[in-house]
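Here's the structure, in structure tokens; my notes come after.
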Amino acid sequence: MKLSNLKNINTQELRSVLDVKGREALLEKFSLLGLPSKKSEEYRYFDVEKLLEPEYKTLNYVPQAIEEGDKIKIVDGIVVTAPKGMRIYYEACEQIDMDHFDPLYYLGHLLSPSTIKIELDGDIHVTIEHHFTQSDALINYRINLYNQANRHSTLYENFVADDIENTLILYGFDLHVAQDSTLRVVKSHTMEDTGYSIVASHRVDVGKQANALFKSFDLGGGQALQLLKVELAEHSHVDASHLLYLNENSKRGTVSQIVHKGEHSTSTQIAKNILDGNARGIFDALIKVEHSAKYTKADQNSKSILLHDKAYMASKPQLEIYIDELEASHGATTGQLDEKQLFYLQSRGISYLEARKILVIAFANTLIEMVKDTRQQERIKASFEEVFYKGHKEYL
Amino acid sequence: MSKNSNDITMDIQNLQAKIGDKEILKGLNLKLEPGKVHAIMGPNGAGKSTLSKTLVGHYDVELTGGDIIYKGKNINEMEAEERALEGIFLSFQHPVEIPGVNNAYFLRTALNAKLKHQGKEELNAAEFLRAMKSHLADLGMKSDMISRSLNEGFSGGEKKRNEILQMLILEPEVIILDEIDSGLDIDALRAVSEGINKMKDGKRSFLVITHYSRILDYIEPDYIHVLKDGRIIKTAGPELVSELEENGYDSIEED
Numbered sequence: 000m001k002l003s004n005l006k007n008i009n010t011q012e013l014r015s016v017l018d019v020k021g022r023e024a025l026l027e028k029f030s031l032l033g034l035p036s037k038k039s040e041e042y043r044y045f046d047v048e049k050l051l052e053p054e055y056k057t058l059n060y061v062p063q064a065i066e067e068g069d070k071i072k073i074v075d076g077i078v079v080t081a082p083k084g085m086r087i088y089y090e091a092c093e094q095i096d097m098d099h100f101d102p103l104y105y106l107g108h109l110l111s112p113s114t115i116k117i118e119l120d121g122d123i124h125v126t127i128e129h130h131f132t133q134s135d136a137l138i139n140y141r142i143n144l145y146n147q148a149n150r151h152s153t154l155y156e157n158f159v160a161d162d163i164e165n166t167l168i169l170y171g172f173d174l175h176v177a178q179d180s181t182l183r184v185v186k187s188h189t190m191e192d193t194g195y196s197i198v199a200s201h202r203v204d205v206g207k208q209a210n211a212l213f214k215s216f217d218l219g220g221g222q223a224l225q226l227l228k229v230e231l232a233e234h235s236h237v238d239a240s241h242l243l244y245l246n247e248n249s250k251r252g253t254v255s256q257i258v259h260k261g262e263h264s265t266s267t268q269i270a271k272n273i274l275d276g277n278a279r280g281i282f283d284a285l286i287k288v289e290h291s292a293k294y295t296k297a298d299q300n301s302k303s304i305l306l307h308d309k310a311y312m313a314s315k316p317q318l319e320i321y322i323d324e325l326e327a328s329h330g331a332t333t334g335q336l337d338e339k340q341l342f343y344l345q346s347r348g349i350s351y352l353e354a355r356k357i358l359v360i361a362f363a364n365t366l367i368e369m370v371k372d373t374r375q376q377e378r379i380k381a382s383f384e385e386v387f388y389k390g391h392k393e394y395l
Numbered sequence: 000m001s002k003n004s005n006d007i008t009m010d011i012q013n014l015q016a017k018i019g020d021k022e023i024l025k026g027l028n029l030k031l032e033p034g035k036v037h038a039i040m041g042p043n044g045a046g047k048s049t050l051s052k053t054l055v056g057h058y059d060v061e062l063t064g065g066d067i068i069y070k071g072k073n074i075n076e077m078e079a080e081e082r083a084l085e086g087i088f089l090s091f092q093h094p095v096e097i098p099g100v101n102n103a104y105f106l107r108t109a110l111n112a113k114l115k116h117q118g119k120e121e122l123n124a125a126e127f128l129r130a131m132k133s134h135l136a137d138l139g140m141k142s143d144m145i146s147r148s149l150n151e152g153f154s155g156g157e158k159k160r161n162e163i164l165q166m167l168i169l170e171p172e173v174i175i176l177d178e179i180d181s182g183l184d185i186d187a188l189r190a191v192s193e194g195i196n197k198m199k200d201g202k203r204s205f206l207v208i209t210h211y212s213r214i215l216d217y218i219e220p221d222y223i224h225v226l227k228d229g230r231i232i233k234t235a236g237p238e239l240v241s242e243l244e245e246n247g248y249d250s251i252e253e254d
């Protein structure tokens with residue numbers, strides 16, 4: 000399949016090319032938004048066209064018996080293991096967001112008539128491991144996840160890839176955070192500079208008095224974009240934090256929309272970005288406060304450190320507000336490592352390399368230390384150090 | 000103060016240095032003797048802080064002439080971290096705050112860098128904390144100060160105590176104290192001075208840079224050097240302090 004063939008075609012042609020039955024509203028929505036290009040607002044900093052051009056092989060997504068394992072393991076879009084008692088089904092997504100800003104959210108749903116439905120029972124901690132094994136492939140799947148009201152669950156999301164190349168992954172979550180519950184998602188994704196690319200288009204629907212915590216740790220190289228749409232009901236809260244540490248020729252980041260719909264809803268969004276080599280980081284984030292969302296509190300901040308003169312950060316925090324009764328703030332800063340701090344450490348006998356590492360980790364630490372599970376925290380720190388040393392080979 | 004080279008820890012010869020376009024040190028000569036406390040006094044803008052920065056290889060300073068001979072070796076080109084590992088320590092006038100860097104982690108990293116340089120075994124976290132306990136008590140520091148971010152939110156006195164704590168654990172051979180007394184109340188001044196005096200072992204050299212004589216009541220100097228317009232214009236014994244107090248720097252005539 001060549002995704003660029005979907006450019007500028009009408010709904011009928013789209014239906015035929017994608018071999019879709021029914022699903023009129025989705026087809027129309029995708030057709031209306033059109034295939035993303037460098038002119039699309041949400042993809043303007045990401046070379047999406049390059050990813051849509053190749054001829055990819057498509058895969059057959061035939062569900063198989065799920066074996067018992069310590070985590071939910073999804074190999075090329077098929078669940079192969081899950082913890083005992085976990086409820087996982089393949090079924091059509093019943094609650095598709097018809098106001099999502101991302102055309103690939105709709106394309107993902109059109110390509111995945113059957114989604115992986117996961118129901119989290121009780122106060123559970125579960126890991127989803129995405130495993131990719133196919134080269135030259137388009138791997139597309141969607142996960143439809145529900146938690147229970149009055150429960151506090153945590154989802155750790157990790158990624159593993161075999162030695163693959165030229166593969167495009169289109170995946171994403173529809174997360175439904177039940178009323179009075181807490182859902183914590185910790186995504187940790189370290190990539191190499193080659194191999195595969197990911198566009199992850201998520202939708203998070205936060206119920207009344209519920210808390211959604213979405214923490215992403217995107218490290219290393221490669222091309223990846225996460226597009227996140229969050230809707231907040233009355234008295235609900237989202238805490239989104241994004242740590243980006245990129246090297247080599249990587250282009251990665253977050254495009255997000257947090258939409259306050261209910262009164263007294265609150266949001267906090269923090270991005271910390273460290274860019275080395277030729278990397279480009281993206282933080283293009285909108286907080287929208289609708290007429291119905293009186294007494295909203297919203298805070299959004301992006302801080303970036305450039306470790307190399309060729310590194311670039313596209314940081315664009317934005318507010319779109321339709322009411323007066325709210326508290327909102329946003330800001331963005333970009334700088335380099337502080338020379339005074341670096342010298343202070345060196346003046347105590349700490350090498351230039353270690354001093355830089357200490358400062359880079361210090362910058363990121365406020366986000367890493369928010370991860371409550373110390374094993375996950377250690378894993379993130381280890382990946383972080385790996386990326387650091389890769390970017391500082393000349394000092395080793 | 001005429002000594003043979005074996006009696007000198009650091010020999011600063013005709014030192015010339017500038018910061019930006021401004022020439023600040025203009026041929027400064029100074030010999031630091033082992034076991035002695037050298038106090039540098041001088042008016043604002045004389046070059047006192049530039050001297051301390053030059054000795055530790057600060058990036059602000061461009062060395063334009065002269066030599067710094069430390070333990071018989073020219074260290075003009077030596078990087079800051081190497082100077083530190085070789086035993087040169089500067090207590091900063093304004094220690095920088097580093098949010099996100101745990102003070103204990105920083106102190107242990109610095110100590111382990113030194114131990115590694117000396118070919119000794121590095122300390123693990125538990126061994127390090129045990130070694131720290133008595134130093135913290137001596138300096139009147141609460142144990143939570145080392146679990147906080149390095150200097151972040153520390154008062155002026157806490158920052159200076161933290162500098163002295165670093166000095167105590169790193170056990171340097173040349174100790175440069177840049178206005179260690181500024182911003183200290185009497186209790187902090189006493190605690191800091193006791194920490195410094197504890198380091199006197201008859202071998203270490205101290206270079207105490209100060210505006211005021213107050214600190215010299217606690218750390219008895221062996222020599223007073225008057226620094227003016229980038230040069231040492233007079234060297235004398237501790238008796239010079241009272242003369243300076245009485246008549247100011249303008250009254251000092253060059254040796």
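Listed in order, the protein sequences are those of chains A and B.
Under numbering that gives the first Met the number 0, think of the first position of the first sequence as 0, with each following residue one higher.
Under numbering that gives the first Met the number 0, think of the first position of the second sequence as 0, with each following residue one higher.
Beta carbons are placed, not taken as given, at the ideal position from N, Cα and C, and that holds for glycine.
Model, not experiment: these values are computed from the prediction.
Check                                                                                                                                                               : Outcome
Since ILE163(A) and SER134(A) should fall inside the 8 angstroms C-beta cutoff, what is the C-beta to C-beta distance between them, to a whole number of angstroms? : 4 angstroms
Considering only the beta carbon of each residue, do ARG183(A) and ASP217(A) sit closer than 8 angstroms?                                                           : no
How would you write the range of the alpha helix (DSSP H) that MET131(B) sits in, first residue to last?                                                            : 124–137
Near LEU14(B), what residues of its chain come up, given a Cβ to Cβ distance below 6 angstroms and the 5 sequence neighbours on each side ignored?                  : LEU24, LEU27 and GLY65
Could you name the residues of chain B that GLU338(A) contacts, counting a contact when the two beta carbons are closer than 7 angstroms?                           : TYR58
Determine the closest residue to GLY229(B) out of ILE174(B), GLU219(B), THR53(B) and GLU85(B), with distance taken between C-alpha atoms.                           : THR53(B)
Restricting to Cα atoms, I'd like to know which of PHE383(A), TYR394(A), ASP372(A) and ASP120(A) is closest to VAL185(A).                                           : ASP372(A)
Express the C-alpha separation of LYS113(B) and SER1(B) in angstroms, rounding to a whole number.                                                                   : Confidence is the limiting factor: at SER1(B) the pLDDT is only 47, short of 50, which leaves the residue's position unreliable and the question unanswerable from this model.
Taking the straight line between their C-alpha atoms, what separation do you get for THR265(A) and HIS259(A)?                                                       : 8 angstroms
Mapping the DSSP letters down to three states, classify HIS329(A) as helix, strand or coil.                                                                         : strand
In terms of alpha-carbon separation, which member of ALA270(A), HIS391(A) and LYS296(A) lies closest to PHE362(A)?                                                  : ALA270(A)
What's the call for ALA354(A), buried or exposed, on a 16-neighbour Cβ count within 10 Å?                                                                           : buried
When DSSP labels each residue in this structure, what does SER396(A) get in the three-state scheme?                                                                 : Lying outside 0 to 395, the shown extent of chain A, residue 396(A) is not represented and no answer is given.
What residues from chain B crowd round PHE131(A), counting only those whose CB sits closer than 9 angstroms?                                                        : Residues of chain B passing the Cβ test: none, with the nearest at roughly 34 angstroms.
Can you find a C-beta in chain A that's less than 8 angstroms from the C-beta of ALA125(B)?                                                                         : no
Are the beta-carbon atoms belonging to TYR42(A) and PRO35(A) less than 8 angstroms from one another?                                                                : yes
Can you name, in chain order, every residue of its own chain whose Cβ lies under 6 angstroms from the Cβ of LEU325(A), other than the five neighbours on each side? : VAL288 and THR295
Run through DSSP, which three-state label would HIS116(B) get?                                                                                                      : helix
Quick one: which chain A residues come within Cβ less than 9 angstroms of VAL100(B)?                                                                                : GLN340, LEU344, ILE357, LEU358, ILE360, ALA361 and ASN364
What are the boundary residues of the beta strand (DSSP E) that includes GLU151(B)?                                                                                 : Per DSSP, GLU151(B) belongs to no beta strand (DSSP E) and is neither H nor E.
Taking GLY348(A) as the reference, give the member of LYS233(B), GLY86(B), GLU238(B) and LEU62(B) with the closest Cα.                                              : GLY86(B)
Is TYR351(A) close to chain D? Criterion is C-beta to C-beta, closer than 8 angstroms.                                                                              : Here chain D cannot be found, since the structure's protein chains are A and B.
CB-CB under 6 angstroms to ASN364(A), same chain, minus the five flanking residues each way: which ones, in chain order?                                            : none
State yes or no: is the beta carbon of GLN117(B) nearer than 8 angstroms to at least one beta carbon in chain A?                                                    : no
Can you tell me where the beta strand (DSSP E) holding GLU319(A) begins and where it ends?                                                                          : 311–320
Which complete alpha helix (DSSP H) runs does the stretch 170–231 of chain B hold, if anything under 4 residues is left out?                                        : 185–197
Quick check: the Cα distance between SER241(B) and ILE251(B), rounded to an integer number of angstroms?                                                            : 12 angstroms
For PHE29(A), which of helix, strand or coil comes out of DSSP?                                                                                                     : helix
Is there a Cβ from chain B that is less than 8 angstroms from the Cβ of GLY419(A)?                                                                                  : The structure shown has nothing for residue 419(A), since chain A only spans 0 to 395.
Would you mind working out which of ASP184(B), ASP6(B), GLY236(B) and VAL225(B) sits nearest GLU256(B), comparing C-alpha positions?                                : The requested residue 256(B) is not part of the displayed model; chain B covers only 0 to 254.
Between ASP96(A) and THR132(A), is the Cβ-Cβ spacing less than 8 angstroms?                                                                                         : no
Report the residue from HIS210(B), ILE232(B), LYS227(B) and ARG203(B) whose alpha carbon sits nearest the alpha carbon of ASP221(B).                                : ARG203(B)
Using the Cα positions of LEU128(B) and HIS134(B), report the straight-line distance between them to the nearest angstrom.                                          : 10 angstroms
On the criterion of 16 or more Cβ atoms from any shown chain inside 10 Å, does PRO102(A) qualify as buried, or is it exposed?                                       : buried
Can you tell me whether SER301(A) is buried or exposed? The criterion is at least 16 other CB atoms within 10 Å of its CB, across all chains shown.                 : buried
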